[in-house]
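In the numbering used here, the protein residues as written are 19 to 115. Even for Gly, the Cβ is constructed at its ideal location relative to N, Cα and C. Right, one structure below, let's go through it.
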Amino acid sequence: TRACDLYALYQRAFERRGLATTSQAVGHSFGIGMHEPPVLHAHETAKLEPGMLLNIEPAATDAHGRLYHIEDLCEVTDDEPRILTNVMDTRELFVVQ
19 TRACDLYALY QRAFERRGLA TTSQAVGHSF GIGMHEPPVL HAHETAKLEP
69 GMLLNIEPAA TDAHGRLYHI EDLCEVTDDE PRILTNVMDT RELFVVQ
(Lines of atoms letter the chains of each structure in order from A and count residues from 1; the text may use other names and numbers.)
(Lines give C-alpha, C1' and ligand atoms only; values in the text may rest on other atoms or scores of the structure.)
Protein backbone atom coordinates (compact mmCIF):
# COMPACT_ATOMS: atom_id res chain seq x y z
CA THR A 1 0.00 0.00 0.00
CA ARG A 2 1.27 3.47 -0.86
CA ALA A 3 0.68 6.63 1.17
CA CYS A 4 -1.48 8.07 -1.64
CA ASP A 5 -3.67 4.92 -1.58
CA LEU A 6 -4.43 5.52 2.09
CA TYR A 7 -5.31 9.15 1.33
CA ALA A 8 -7.65 8.04 -1.49
CA LEU A 9 -9.36 5.64 0.94
CA TYR A 10 -9.91 8.57 3.33
CA GLN A 11 -11.42 10.68 0.54
CA ARG A 12 -13.79 7.92 -0.59
CA ALA A 13 -14.92 7.13 2.97
CA PHE A 14 -15.72 10.78 3.65
CA GLU A 15 -17.48 11.23 0.29
CA ARG A 16 -19.72 8.19 0.99
CA ARG A 17 -20.80 9.89 4.21
CA GLY A 18 -21.37 13.28 2.60
CA LEU A 19 -18.39 14.86 4.37
CA ALA A 20 -15.89 17.19 2.78
CA THR A 21 -12.22 16.39 3.29
CA THR A 22 -10.75 19.42 5.03
CA SER A 23 -7.08 18.63 4.73
CA GLN A 24 -4.69 17.87 1.91
CA ALA A 25 -3.22 15.11 4.10
CA VAL A 26 -4.72 12.50 6.39
CA GLY A 27 -1.63 11.82 8.46
CA HIS A 28 2.11 11.27 8.52
CA SER A 29 4.81 8.98 9.74
CA PHE A 30 6.01 9.27 13.31
CA GLY A 31 9.55 8.70 14.55
CA ILE A 32 12.28 10.77 16.15
CA GLY A 33 10.41 13.88 15.03
CA MET A 34 6.66 14.23 15.42
CA HIS A 35 5.95 14.83 11.72
CA GLU A 36 8.08 12.70 9.41
CA PRO A 37 7.71 11.50 5.84
CA PRO A 38 5.85 9.98 4.31
CA VAL A 39 3.00 12.45 4.61
CA LEU A 40 -0.27 10.75 3.67
CA HIS A 41 -1.47 12.92 0.77
CA ALA A 42 -2.65 12.42 -2.80
CA HIS A 43 0.80 12.67 -4.43
CA GLU A 44 2.98 10.66 -1.99
CA THR A 45 3.90 7.36 -3.64
CA ALA A 46 6.08 6.00 -0.82
CA LYS A 47 5.21 2.43 0.09
CA LEU A 48 4.03 1.82 3.65
CA GLU A 49 6.25 -0.83 5.24
CA PRO A 50 5.68 -3.11 8.26
CA GLY A 51 7.03 -1.50 11.42
CA MET A 52 6.29 2.07 10.31
CA LEU A 53 4.36 4.22 12.76
CA LEU A 54 1.68 6.46 11.28
CA ASN A 55 -0.44 9.18 12.84
CA ILE A 56 -3.82 8.95 11.11
CA GLU A 57 -5.59 12.31 11.46
CA PRO A 58 -8.94 12.51 9.64
CA ALA A 59 -10.82 15.79 9.97
CA ALA A 60 -14.20 17.05 8.78
CA THR A 61 -16.14 20.28 8.98
CA ASP A 62 -19.91 20.28 9.49
CA ALA A 63 -22.46 22.58 7.83
CA HIS A 64 -21.87 25.17 10.58
CA GLY A 65 -18.12 25.29 10.00
CA ARG A 66 -17.21 23.34 13.15
CA LEU A 67 -14.11 21.18 12.78
CA TYR A 68 -14.04 17.58 14.00
CA HIS A 69 -10.61 15.97 14.21
CA ILE A 70 -9.23 12.80 15.77
CA GLU A 71 -5.81 11.17 15.73
CA ASP A 72 -4.75 7.55 16.03
CA LEU A 73 -1.20 6.26 16.27
CA CYS A 74 -0.99 3.05 14.21
CA GLU A 75 1.69 0.52 13.39
CA VAL A 76 1.86 -0.82 9.84
CA THR A 77 1.97 -4.65 9.87
CA ASP A 78 1.94 -7.36 7.21
CA ASP A 79 -1.83 -7.69 7.72
CA GLU A 80 -4.18 -5.25 9.42
CA PRO A 81 -2.78 -2.07 11.00
CA ARG A 82 -2.37 -2.20 14.76
CA ILE A 83 -3.98 0.76 16.54
CA LEU A 84 -1.71 1.88 19.37
CA THR A 85 -3.99 4.64 20.67
CA ASN A 86 -5.38 3.43 23.99
CA VAL A 87 -7.18 6.42 25.52
CA MET A 88 -10.53 5.41 23.99
CA ASP A 89 -11.90 3.22 21.21
CA THR A 90 -11.70 5.62 18.27
CA ARG A 91 -13.55 3.20 15.97
CA GLU A 92 -16.76 4.53 17.54
CA LEU A 93 -18.01 8.11 17.39
CA PHE A 94 -17.25 10.05 20.57
CA VAL A 95 -20.35 12.04 21.50
CA VAL A 96 -20.03 15.26 23.51
CA GLN A 97 -23.25 16.24 25.26
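(request) Check whether the Cβ atoms of Thr40 and Leu91 lie closer than 8 Å to each other. (result) The residue labelled residue 40 in the question sits at position 22 within the sequence shown. The residue labelled residue 91 in the question sits at position 73 within the sequence shown. No, the Cβ-Cβ distance between Thr40 and Leu91 is not below 8 Å.
(request) Would you mind working out which of Leu66, Asp23, Pro76 and Leu24 sits nearest Arg109, comparing C-alpha positions? (result) Walking along the sequence shown from the start, residue 109 turns up at place 91. That would be Pro76, whose Cα lies nearest to the Cα of Arg109.
(request) Under 6 Å Cβ to Cβ from Glu62, same chain only, skipping five residues before and after it: list those, please. (result) As a position in the sequence shown, residue 62 is number 44, starting the count at 1. Closer than 6 Å at the Cβ level, and outside the excluded window around Glu62, lie Ala21, Cys22 and Pro56.
(message) I'd like to know whether the C-beta atoms of Leu58 and Ala43 end up nearer to each other than 8 Å.
(response) The count along the sequence shown starts at 1 and reaches residue 58 at position 40. The count along the sequence shown starts at 1 and reaches residue 43 at position 25. Yes. Within cutoff.
(message) Between Glu89, Gly83, Thr95 and Ala60, which has its C-alpha nearest Arg157's C-alpha?
(response) Coverage of the chain is limited to positions 19 through 115, which leaves residue 157 absent and any answer about it impossible.
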